[in-house]
Amino acid sequence: MASEANSEQDGPPEVGGCTGCCLMCCFGCLTCCGCRVWLTRKIIFFPPQPPFYKLNEDDNLLRIPLELLPNSDTLTPDDVKLMGPVNIPKGFEMKMARIKTSRGSTIVACHVTHSRAKNTIIYSHGNATDVGMQSYGAESLVVACRVNVLFYDYTGYGFSSKLGKPSHNDIGADAEAAYQYLIKQGVLPENIILYGQSLGSVPSCILASKHKVKGLVIHSGIASAVRVIKPSIKASPWFDLFKNADMIKKARCPVFVMHGTKDEAVPMSNGKLLYNNAPMKIDPWWVTGATHNNIEADYAREYYLRLLNAIKKFEKLWKEKGQDDVKKNGVITAQPGSLNGGSPYAARATTSL
């Protein structure tokens, strides 16, 4: 198993000196000029084009078989021709949905269920992936952790509204729409676990601040947009975006944070700040040697063990203490257990933030 990290010396160096200050000033000036949406679309959101999936006339998911999936973030016309129906294992069900948001968008979501699952994960993905890419990882979670998984594309991604035009203003409404979809399906809040990878930590933290759910998992999350390039700042400047470091203080559920010590995209100090600011938390997992995108693939066994134990701890808190008493427990230790065998699926989520 990977060992815990005792320092945060690894990872990318901070953009310091004049360069760091200039970047922050430029962002502030462009914000004043009304260019924030344009700027964030250019430097933060990277929806795959074409999408890594299609929907047929019955709104069923079509994707490239895992063994033929290219090692690239861009599909060629020949790659697109390889897309076909998903082979769902016995005991599983996959349902696509188009969900209306409060901002007028329609987002595409995929709900994978296990016949024996109790909990449902709302999975919010990173900035350079989509439902097609995430479908393999979602199946891995369903198999290894025996959970249901709802994952969705943000506005501007895949076959959601406004293809190629995502906005920081939409992602919170997109996540809320996904949450309300589950509630309307009869899923209880105490059986919902939020999971945010990288940029997906933003909508996940927003939901955790609004709803009493079972738990929140932050995977390579960002503390704020500015802290990705300038992690040493003490407080977010007024023009900062995605202020997770502040939002997570309002989380109404226990939080589990994992972050690679050699994360080349988001410094590990972002994960440590999120952990420190969470009012209710399970012991974190600082993954020695892991980068931004390889935890679930290169550290798969421990990854699933850690998730299973986090879910067990979330369950225990609901059964023994009740959600209103969780804050009294402080840091909650979750020790790795055992898991026989691995997932039959490989997690092929490729994100850069």
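First residue of the sequence shown: 18, per our numbering; consecutive thereafter. Just so it is clear, CB atoms sit at the ideal spot from N, CA and C, and this is done for glycine as well. None of the values given here were measured: they were computed from a predicted structure.
### Query
How about residue 125 and residue 175: are their beta carbons less than 8 Å apart?
Closer than 8 Å, so yes.
### Query
Does the stretch 74-84 come within contact of the stretch 96-104, defined as at least 3 CB pairs closer than 8 Å?
yes
### Separation of residue 312 from residue 247, as counted between CA atoms
24 Å
### Task
Pull up the DSSP beta-bridge partners for residue 214, would you.
Bridge partners of residue 214: 236.
#### Entry: For residue 113, the three-state DSSP class (helix, strand or coil)
strand
### CA-to-CA distance, residue 155 to residue 63, given in whole angstroms
20 Å
#### Entry: Reference residue 259, options 184, 73 and 131, closest by Cα
184
### Query
What number of angstroms, rounded off, separates the C-alpha of residue 127 from the C-alpha of residue 145?
Computed Cα separation, rounded: 18 Å.
### Message
Quick check: residue 111 and residue 129, are their CB atoms within less than 8 Å of each other?
### Response
Remark: C-beta atoms of residue 111 and residue 129 approach each other more closely than 8 Å.
### Message
Across the stretch 191-202 and the stretch 282-302, are there enough close Cβ pairs to call them in contact, namely three or more that are closer than 8 Å?
### Response
no
### Query
When burial is assigned at 16 or more other CB atoms within 10 Å of the CB, is residue 216 buried or exposed?
buried
### Task
Would you mind sorting residue 203 into buried or exposed? The rule is 16 or more other CB atoms within 10 Å of its CB.
exposed
### Query
Does DSSP classify residue 180 as helix, strand or coil?
coil
### Task
State the beta-bridge partners of residue 318 as determined by DSSP.
DSSP lists no partner for residue 318.
### Stretch-stretch touch, CB-based, cutoff 8 Å, three pairs: the stretch 230-238 with the stretch 162-179
With a cut-off of 8 Å, the stretch 162-179 and the stretch 230-238 do not count as touching, because too few Cβ pairs lie within range.
### Query
Just curious, the beta strand (DSSP E) that residue 165 is in, first and last residue?
165-169
### Task
Going by DSSP, name the residue or residues bridged to residue 273.
234
#### Entry: Proximal residues to residue 333 (C-beta, below 6 Å), its chain only, five neighbours per side dropped
Nothing listed; no residue qualifies.
### Cβ shell of residue 315 (< 8 Å), same chain only, five flanking positions each side left out
307
### Query
Cα-Cα, which of 199, 107 and 335 is closest to residue 113?
199
### Task
Mind checking which residues open and close the beta strand (DSSP E) that includes residue 124?
123-131
### Query
Short check: CB of residue 168 to CB of residue 196, under 8 Å?
Their beta carbons are not under 8 Å apart, which means residue 168 does not touch residue 196 by this criterion.
### Query
residue 304 to residue 277, Cα distance in whole Å?
A straight-line Cα-Cα distance of about 5 Å links residue 304 and residue 277.
### Buried versus exposed call for residue 262 [16 or more other C-beta atoms within 10 Å across all chains shown]
buried
### Query
Which partner residues does residue 302 have in the DSSP bridge list?
275
#### Entry: Residue range of the unbroken alpha helix (DSSP H) whose run includes residue 429
The shown model of the chain, from 18 to 370, leaves out residue 429, and the question about it has no answer.
### Message
Mapping the DSSP letters down to three states, classify residue 119 as helix, strand or coil.
### Response
coil
### Task
Taking residue 141 as part of the beta strand (DSSP E), name the residues at either end of that continuous run.
137-141
### Message
Only counting the same chain, and skipping five residues up and downstream in sequence, which positions put a Cβ closer than 8 Å to that of residue 72?
### Response
78, 79, 113, 125 and 176
### Query
Apart from the five residues on each side of it in sequence, which residues of its chain come closer than 7 Å, Cβ to Cβ, to residue 257?
Only 241, 242 and 243 meet the Cβ criterion.
### Message
Check this for me: beta carbons of residue 136 and residue 164, under 8 Å apart or not?
### Response
Yes.
### Message
If the criterion is Cβ atoms closer than 8 Å, does the pair residue 233 and residue 205 meet it?
### Response
Going by beta carbons, residue 233 and residue 205 fall outside the 8 Å limit.
### Task
Please classify residue 71: does DSSP put it in a helix, a strand, or coil?
strand
### Query
Do residue 301 and residue 275 have their C-beta atoms closer together than 8 Å?
Taking 8 Å as the Cβ cut-off, residue 301 and residue 275 qualify as a contacting pair.
### Message
Do residue 222 and residue 268 have their beta-carbon atoms positioned less than 8 Å apart in this structure?
### Response
yes
### Query
When DSSP builds the beta bridges, which residues end up paired with residue 101?
80
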